[in-house]
Amino acid sequence: MTRGVCFLVSTRNNRTALALMAATCLLTAPAIAQEPKKGGTLNFAVVAEPPGIDCHGVTTFAFAHPGRPHYSTLLKFAGDHSNLKITGDLAESFEQAKDGLTYTFKLHKNVTFHDGAPMTSADVKASYDRIINPPAGVISVRKALHEDIREIETPDDYTVVFKMKAVNASMLTHFASPWNCIYRAAKLKEDPQFPSKTVLGTGAFQFVEYKKGEVWIGKRYDGYFRPGRPYLDGFRALFVKSNAVATGIIGGQFDAEFRGRTPKERDQIMEGLKDKATLIQGPWISSLLFTFNNSRKPFDDVRVRQALSMAVDRWGGAQNMSKITMLKYVGGLTRPGYEYNLPEDELVKLPGYGRDIEKSRDEAKRLLKEAGVSNLKIKLVNRNVGEPYIPGGIFLIDQWRRIGVETEHSVLETKLFFDAMSAGNFDVLMEFISDFADDPSAQFDKFLTAEKSSQAASRHQDKRLDELFDKQARTIDVVERKKLTQQFEKLAITQSYSASLLWWERIIVLNKKVKGWENQANHFTGQDLTDVWLDE
Amino acid sequence: MATATASPPSPTISANAIPTRENLVLQFIKAQPLGFAGFLIILMYFVFAIFANWIAPYDPEAVDFGAMLSSPGREHLFGTDQYGRDVFSRLVYGSRTALGVGIVSSLFGCTLGALLGAASGYFGGKIDTIIQSIVDIMLSFPLIVLAMVIVAVLGKSTFLGVDMNLVAAIAIPMIPRMARIARSSTLSIAQMPYIDAARAAGYSHSRIVVRHILPNIIAPYLIMTTAFIAQAILLEASLSFLGLGVTEPTPAWGLMLSGTSADFYKAAPWMILFPGLAITLAVFAFNLLGDSLRDWLDPKMKG
Numbered sequence: 005m006t007r008g009v010c011f012l013v014s015t016r017n018n019r020t021a022l023a024l025m026a027a028t029c030l031l032t033a034p035a036i037a038q039e040p041k042k043g044g045t046l047n048f049a050v051v052a053e054p055p056g057i058d059c060h061g062v063t064t065f066a067f068a069h070p071g072r073p074h075y076s077t078l079l080k081f082a083g084d085h086s087n088l089k090i091t092g093d094l095a096e097s098f099e100q101a102k103d104g105l106t107y108t109f110k111l112h113k114n115v116t117f118h119d120g121a122p123m124t125s126a127d128v129k130a131s132y133d134r135i136i137n138p139p140a141g142v143i144s145v146r147k148a149l150h151e152d153i154r155e156i157e158t159p160d161d162y163t164v165v166f167k168m169k170a171v172n173a174s175m176l177t178h179f180a181s182p183w184n185c186i187y188r189a190a191k192l193k194e195d196p197q198f199p200s201k202t203v204l205g206t207g208a209f210q211f212v213e214y215k216k217g218e219v220w221i222g223k224r225y226d227g228y229f230r231p232g233r234p235y236l237d238g239f240r241a242l243f244v245k246s247n248a249v250a251t252g253i254i255g256g257q258f259d260a261e262f263r264g265r266t267p268k269e270r271d272q273i274m275e276g277l278k279d280k281a282t283l284i285q286g287p288w289i290s291s292l293l294f295t296f297n298n299s300r301k302p303f304d305d306v307r308v309r310q311a312l313s314m315a316v317d318r319w320g321g322a323q324n325m326s327k328i329t330m331l332k333y334v335g336g337l338t339r340p341g342y343e344y345n346l347p348e349d350e351l352v353k354l355p356g357y358g359r360d361i362e363k364s365r366d367e368a369k370r371l372l373k374e375a376g377v378s379n380l381k382i383k384l385v386n387r388n389v390g391e392p393y394i395p396g397g398i399f400l401i402d403q404w405r406r407i408g409v410e411t412e413h414s415v416l417e418t419k420l421f422f423d424a425m426s427a428g429n430f431d432v433l434m435e436f437i438s439d440f441a442d443d444p445s446a447q448f449d450k451f452l453t454a455e456k457s458s459q460a461a462s463r464h465q466d467k468r469l470d471e472l473f474d475k476q477a478r479t480i481d482v483v484e485r486k487k488l489t490q491q492f493e494k495l496a497i498t499q500s501y502s503a504s505l506l507w508w509e510r511i512i513v514l515n516k517k518v519k520g521w522e523n524q525a526n527h528f529t530g531q532d533l534t535d536v537w538l539d540e
Numbered sequence: 097m098a099t100a101t102a103s104p105p106s107p108t109i110s111a112n113a114i115p116t117r118e119n120l121v122l123q124f125i126k127a128q129p130l131g132f133a134g135f136l137i138i139l140m141y142f143v144f145a146i147f148a149n150w151i152a153p154y155d156p157e158a159v160d161f162g163a164m165l166s167s168p169g170r171e172h173l174f175g176t177d178q179y180g181r182d183v184f185s186r187l188v189y190g191s192r193t194a195l196g197v198g199i200v201s202s203l204f205g206c207t208l209g210a211l212l213g214a215a216s217g218y219f220g221g222k223i224d225t226i227i228q229s230i231v232d233i234m235l236s237f238p239l240i241v242l243a244m245v246i247v248a249v250l251g252k253s254t255f256l257g258v259d260m261n262l263v264a265a266i267a268i269p270m271i272p273r274m275a276r277i278a279r280s281s282t283l284s285i286a287q288m289p290y291i292d293a294a295r296a297a298g299y300s301h302s303r304i305v306v307r308h309i310l311p312n313i314i315a316p317y318l319i320m321t322t323a324f325i326a327q328a329i330l331l332e333a334s335l336s337f338l339g340l341g342v343t344e345p346t347p348a349w350g351l352m353l354s355g356t357s358a359d360f361y362k363a364a365p366w367m368i369l370f371p372g373l374a375i376t377l378a379v380f381a382f383n384l385l386g387d388s389l390r391d392w393l394d395p396k397m398k399g
């Protein structure tokens with residue numbers, strides 16, 4: 005079993021350092037394969053409340069963590085981030101036509117829903133039809149991502165064929181999306197809103213109860229189609245405040261929290277649990293972005309945007325911020341380490357990524373002067389989410405102060421934040437990239453024109469980015485696609501409509517008895533708990 | 097028609113009995129040494145607030161990664177926080193936020209409360225019933241809960257660097273408390289013969305209230321204002337601690353205790369120790385002064 009790459013972060017506390025070192029050594033040493041044990045209940049913390057229970061309509065880990073174990077998807081991701089691959093879930097096998105216009109899935113024949121009804125191709129078709137063409141009253145937040153699907157054919161009960169309107173290089177990723185849960189067609193026919201009221205899937209765990217703000221309980225589904233799985237008897241997802249997680253894990257109230265902790269909380273848990281902890285650290289497909297409102301002056305001036313990006317010492321910041329927050333990696337618009345990434349030697353030539361920060365800031369001051377805004381005052385709108393938004397805001401404001409820019413930090417509740425974002429009520433917005441997979445189409449979505457993407461907040465009108473985006477999305481050839489995505493990245497960073505601050509590091513501390521969980525570099529996938537077991 | 101030209105006599109002490117300003121200060125020091133100690137502490141905070149630019153050795157908002165979590169010493173008197181910001185400088189500048197928000201909101205809340213209470217007690221009848229019903233409703237909410245609701249509804253609106261909605265959120269819950277006290281004082285004053293004389297002389301209500309009622313409730317007003325400044329500082333710190341008050345990176349005592357600061361309580365206890373002490377000392381000083389003023393000004397407390 006492979007584990008996430010672990011890093012030892014310098015700390016002032018020697019005992020913690022030793023504990024971390026021990027954990028790191030344990031994790032980097034070849035792991036001895038253990039025979040999984042059956043039984044037990046996994047207790048884990050969830051630090052937010054799900055806004056809904058319909059996979060097709062929600063976007064948050066707050067649902068994915070307690071909800072995903074009840075459902076299956078056509079494909080899924082397997083392995084940890086260093087060895088991640090797309091594999092079948094309900095699909096026993098799958099095939100992509102050479103022209104990229106047809107996908108054929110052969111389904112497992114022994115799958116049943118938790119009410120005992122057999123799962124067939126009709127259920128897959130009904131579920132995807134619901135995503136692509138949601139009936140009135142149904143919210144399908146990922147409808148646009150599936151618009152290239154022309155039709156879905158079901159030649160027999162266990163074969164599904166997706167015919168495409170056009171090539172979509174990200175389509176397999178979408179089929180493996182943790183949000184594309186398969187629902188029962190008969191129930192959807194009776195009531196298209198059924199999944200927003202009832203949890204009924206084919207996953208490894210059957211739904212027992214959900215007490216809002218308290219607990220979500222699931223128990224093993226004995227009719228699960230994979231022999232010998234799941235290992236657990238059940239799970240309990242406990243809804244708690246983020247600042248209660250560390251003490252909760254130390255006190256044994258729960259065994260894990262799967263979103264991610266800060267370096268300080270890691271140290272606290274490691275010290276509290278001593279040799280009873282497993283530390284998993286690694287990359288995270290999440291980044292803080294600062295987005296300029298291009299419909300407001302002077303942010304419509306590329307010199308001003310570039311200057312504000314050039315003022316930020318990303319390299320120094322990454323080194324130091326990673327000691328106190330989850331902000332760790334310098335990167336462009338895709339996750340550092342991802343195969344399509346701009347190489348570092350090219351990245352450092354772009355505005356805001358130079359290694360000589362003094363030179364960069366001198367140039368930033370010159371650009372502001374040239375643009376006639378030497379005494380710039382900015383309103384930075386941020387979320388009142390502690391990690392990593394507030395530390396990111398403090399860092400950014402300090403960096404801008406160094407070129408004489410004064411900033412008002414407006415910290416808003418999540419709803420007010422998104423209201424300000426959609427209404428364009430900001431100078432600069434501290435937002436994020438957070439996806440379930442490394443995929444240029446998903447990560448570049450935020451950098452497009454508002455006409456093209458509902459996710460774009462910068463309000464620019466640069467059609468060159470839209471065109472490059474479409475080209476890369478329609479290119480299956482990996483080398484050609486990489487070239488196009490790097491062109492996109494260079495153009496987007498040069499224009500700086502929206503700029504990446506720092507990419508996050510995912511820090512998970514589990515009670516040592518929790519086995520079989522892997523970091524897939526995001527907090528959405530890898531949560532079906534099928535392979536998780538307790539060593540007790 | 098003859099008109100009254102002279103004001104009716106006010107029952108204040110005669111001119112001979114009024115002590116000189118110098119005597120007044122000495123009398124207070126002699127009679128209330130603890131109150132004077134409180135006054136000196138408050139004075140120190142005022143000096144911090146006014147001369148922060150000269151007193152603070154570092155820019156309170158400047159991040160210095162090279163000095164992250166430095167312990168107290170010659171370089172950084174009270175140490176630094178996780179961003180390498182000087183804790184002493186942030187405390188010195190934080191006194192601006194604390195005193196600014198505390199004094200403005202306390203003055204605003206107490207003045208409005210005194211006017212409402214005086215009107216309620218003076219006019220009586222339906223006006224009294226309406227005002228007191230509103231006061232009762234407002235008093236049924238704990239101070240912090242009411243302030244949280246107000247700040248959540250109003251959001252943020254900055255004027256001269258002070259969040260006016262935060263000031264309002266702290267001031268509004270103080271209005272009913274002051275109104276209740278002002279009303280009871282007014283009720284007793286309104287029975288005085290000189291008020292009857294003023295009415296008989298044909299003075300307008302506003303003149304009677306402003307010239308004869310309000311000057312006579314100045315003592316409870318001063319006492320309550322001083323006491324409320326302490327509460328306002330505490331409330332501002334609590335709201336900032338809860339993420340509803342002042343926002344980072346502005347130096348504010350409550351904010352210095354909030355967020356991830358608590359995570360560093362073992363590695364860098366000075367990060368929470370000194371802001372906690374600053375709040376405690378300020379609240380203690382204002383309470384000392386408030387109590388001493390009450391003892392000194394209220395004749396019922398004498399002897």
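Line order of the protein sequences matches chains A and B. Counting with this note's numbering, you get residues 5 to 540 for the letters of the first sequence. Counting with this note's numbering, you get residues 97 to 399 for the letters of the second sequence. C-beta: ideal position from N, C-alpha, C; glycine also. Quick caveat: nothing in here was measured; it's all calculated off a predicted structure.
**Asked** Near L393/B, which residues of its chain fall below 8 Å by C-beta distance, leaving aside the five closest residues on each side in sequence?
**Response** For this step, residue 393/B is matched to residue 297 along the second sequence. If the five residues before and after L393/B are omitted, its C-beta is found closer than 8 Å to the C-beta atoms of A315, L318, I319, all from its own chain and listed in chain order.
Among all the DSSP beta bridges, which residues are the ones paired with E435/A?
Within the first sequence, numbered from 1, the residue matching residue 435/A stands at position 431. Note: E435/A sits in a beta bridge opposite L293/A.
Requested in this report: Taking only runs that begin and end inside the region 370–417 of chain A, name each unbroken alpha helix (DSSP H) of 4 or more residues, in chain order.
Outcome: DSSP runs (the alpha helix (DSSP H)) wholly in the region 370–417 of chain A: 393–405.
Point to revise | Given 8 Å, three or more beta-carbon pairs between the region 164–176 of chain A and the region 101–112 of chain A | key: As far as the Cβ criterion goes, the region 164–176 of chain A touches the region 101–112 of chain A, which means the pair count is three or higher.
Query - Per DSSP, cross-strand counterpart(s) of G92/A - result: As a position in the first sequence, residue 92/A is number 88, starting the count at 1. In the DSSP output, where bridge partners are listed per residue, G92/A has L79/A.
- Item | is_contact[E157/B, chain A] using C-beta, thresh 8 Å | As a working mapping, residue 157/B is identified with position 61 in the second sequence. Cβ-Cβ to chain A under 8 Å: yes for E157/B.
For V379/B, decide whether its Cβ has a neighbour in chain A, counting only Cβ atoms nearer than 8 Å. Your numbering for residue 379/B matches position 283 in the second sequence. No, no contact with chain A.
Consult DSSP for S234/B and reduce its assignment to one of helix, strand or coil. Along the second sequence, read from residue 1 onward, the residue named residue 234/B stands at position 138. The amino acid at residue 234/B is misidentified as Ser; the sequence shows Met. Here DSSP, grouped into helix, strand and coil, assigns M234/B to helix.
- Query: Mapping DSSP to helix, strand and coil, what is Q38/A?
  - Reply: Stepping through the first sequence from its first residue, residue 38/A is reached at position 34. Three-state DSSP puts Q38/A in coil, outside helix and strand.
Look at the alpha carbon of C29/A and the alpha carbon of D271/A, and state the distance between them as a whole number of angstroms.
Translated into the one-based positions of the first sequence, residue 29/A becomes position 25. Translated into the one-based positions of the first sequence, residue 271/A becomes position 267. Low confidence applies to C29/A: its pLDDT is 41, below 50, so where it sits in the model is not reliable, and the reading given next is rough at best. Here the alpha carbon of C29/A sits roughly 16 Å from the alpha carbon of D271/A.
Have a look at H150/A and I136/A and give me their C-alpha separation to the nearest angstrom.
Numbered from its first residue, the first sequence carries residue 150/A at position 146. Numbered from its first residue, the first sequence carries residue 136/A at position 132. Roughly 6 Å separates the two Cα atoms.
In the DSSP assignment, what are the bridge partners of I284/A?
Stepping through the first sequence from its first residue, residue 284/A is reached at position 280. DSSP output for I284/A lists I512/A as bridge partner(s).
**Prompt:** For N429/A and chain B, any beta-carbon pair shorter than 8 Å?
**Reply:** By one-based count along the first sequence, residue 429/A stands at place 425. Chain B contact via Cβ: absent.
Practice prompt. Write down the C-beta distance between A215/B and I227/B rounded to the nearest angstrom, noting that I regard them as a contact closer than 8 Å.
Written response: Numbered from 1 along the second sequence, position 119 holds the residue referred to as residue 215/B. Numbered from 1 along the second sequence, position 131 holds the residue referred to as residue 227/B. With 8 Å as the limit, A215/B and I227/B qualify as a contact, their Cβ atoms being about 7 Å apart.
Quick check on the DSSP output: the beta strand (DSSP E) that includes K167/A runs from which residue to which? Locating residue 167/A in the first sequence gives position 163, where the first residue counts as 1. Here the beta strand (DSSP E) through K167/A covers 163–168.
**Asked** Between A267/B and N526/A, what straight-line distance do the alpha-carbon atoms span, to the nearest angstrom?
**Response** As a working note, residue 267/B is residue 171 in the second sequence. As a working note, residue 526/A is residue 522 in the first sequence. For the pair A267/B and N526/A, the Cα-to-Cα distance works out to about 45 Å.
(message) Determine whether the beta carbon atoms of P302/A and V385/A lie at a separation below 8 Å.
(response) Taking the first sequence and counting its residues from 1, the one referred to as residue 302/A is at position 298. Taking the first sequence and counting its residues from 1, the one referred to as residue 385/A is at position 381. No, the pair does not count as a contact, with Cβ atoms beyond the cut-off.
query = Any C-beta of chain B sitting closer than 8 Å to the C-beta of R300/A?
reply = The count along the first sequence starts at 1 and reaches residue 300/A at position 296. Proximity of R300/A to chain B, defined by a Cβ-Cβ separation below 8 Å, is not satisfied.
Problem set entry | T343/B at chain A interface by Cβ criterion, 8 Å | Walking along the second sequence from the start, residue 343/B turns up at place 247. At a cut-off of 8 Å between beta-carbon atoms, T343/B makes contact with chain A.
* To do: Step through the CB atoms of chain A and report whether any lies within less than 8 Å of the CB of G372/B.
  => Position 276 of the second sequence, counting from 1, holds the residue named residue 372/B. Judged by the 8 Å Cβ criterion, G372/B is not in contact with chain A.
May I have the straight-line CA-CA distance separating A27/A from N523/A, to the nearest angstrom? By 1-based counting over the first sequence, the position of residue 27/A is 23. By 1-based counting over the first sequence, the position of residue 523/A is 519. The predicted position of A27/A is uncertain, since its pLDDT is 46 and thus under 50; a value taken from the coordinates is nonetheless stated next. A27/A and N523/A: Cα-Cα distance of roughly 16 Å.
With DSSP run on the structure shown, which of helix, strand or coil describes T498/A? Numbered from 1 along the first sequence, position 494 holds the residue referred to as residue 498/A. In this structure, T498/A counts as helix in the three-state DSSP scheme.
inquiry  = Restricting to Cα atoms, I'd like to know which of W319/A, L505/A, R370/A is closest to I401/A.
reply    = Stepping through the first sequence from its first residue, residue 401/A is reached at position 397. The shortest CA-to-CA distance from I401/A to any of W319/A, L505/A, R370/A is the one to L505/A.
Exercise. Y179/B versus chain A: which residues are under 7 Å apart at the beta carbon?
Worked result: Locating residue 179/B in the second sequence gives position 83, counting from the first residue. Chain order gives the chain A residues near Y179/B as I398, where near means a beta carbon separation below 7 Å.
### Query
Under a CB-based cut-off of 8 Å, is Q272/A close to chain B?
Taking the first residue of the first sequence as 1, we reach residue 272/A at position 268. By this cut-off, Q272/A is an interface position.
**Q.** Cβ of K252/B within 8 Å of any chain A Cβ
**A.** Position 156 of the second sequence, counted from the start, is the residue given in the question as residue 252/B. Taking CB atoms only, K252/B has a neighbour in chain A less than 8 Å away.
Original post:
Buried or exposed: which applies to R154/A, given that a residue is buried once 16 or more other Cβ atoms fall within 10 Å of its Cβ?
Top reply: Within the first sequence, the letter at position 150 stands for residue 154/A. Counting other Cβ atoms within 10 Å of its Cβ, R154/A stays below 16 and is therefore classed as exposed.
Hey, does D359/B have any beta-carbon neighbour from chain A nearer than 8 Å? For this step, residue 359/B is matched to residue 263 along the second sequence. Output row for D359/B: interface = yes.
Check: With burial defined as no fewer than 16 other Cβ atoms inside 10 Å of the residue's Cβ, what is the status of V121/B: buried or exposed?
Finding: Position 25 of the second sequence, counted from the first residue, corresponds to residue 121/B. Exposed.
Residues sharing a beta bridge with K519/A, DSSP: Walking along the first sequence from the start, residue 519/A turns up at place 515. DSSP, once it has assigned bridges, lists W537/A as partnering K519/A.
query: Should the region 247–254 of chain B be called in touch with the region 181–191 of chain B, which here means at least 3 C-beta pairs below 8 Å?
result: These segments do not touch.
- Message: So if DSSP puts P122/A in a beta bridge, which residue, or which two residues, is it bridged to?
- Response: For the purposes of this step, residue 122/A is taken as residue 118 along the first sequence, with counting starting at 1. As a beta-bridge residue in DSSP terms, P122/A pairs with T116/A.
- [ ] Closer than 8 Å by beta-carbon distance: list the chain B residues that pair up with N324/A, in chain order.
- [x] Here the question's residue 324/A lines up with position 320 in the first sequence. Listed by position along chain B, the residues whose Cβ is nearer than 8 Å to that of N324/A are F161, M164.
### Extent of the continuous beta strand (DSSP E) to which F243/A belongs
Residue numbering aside, residue 243/A sits at position 239 when the first sequence is read from its first letter. For F243/A, the uninterrupted beta strand (DSSP E) run begins and ends at 238–243, by DSSP.
Would Q128/B and D359/B be called neighbours here (beta carbons separated by less than 8 Å)? As a working mapping, residue 128/B is identified with position 32 in the second sequence. As a working mapping, residue 359/B is identified with position 263 in the second sequence. No; because the gap between Cβ atoms is not below 8 Å, this pair is not in contact.
- Task: Could you name the residues of the same chain whose beta carbon sits closer than 8 Å to that of S328/A, not counting the 5 residues immediately before and after it, in chain order?
- Result: Start at 1 with the first residue of the first sequence, and residue 328/A comes out as number 324. It is worth fixing the name first, because residue 328/A is Ile in this sequence and not Ser. T266, P267, K268, P395.
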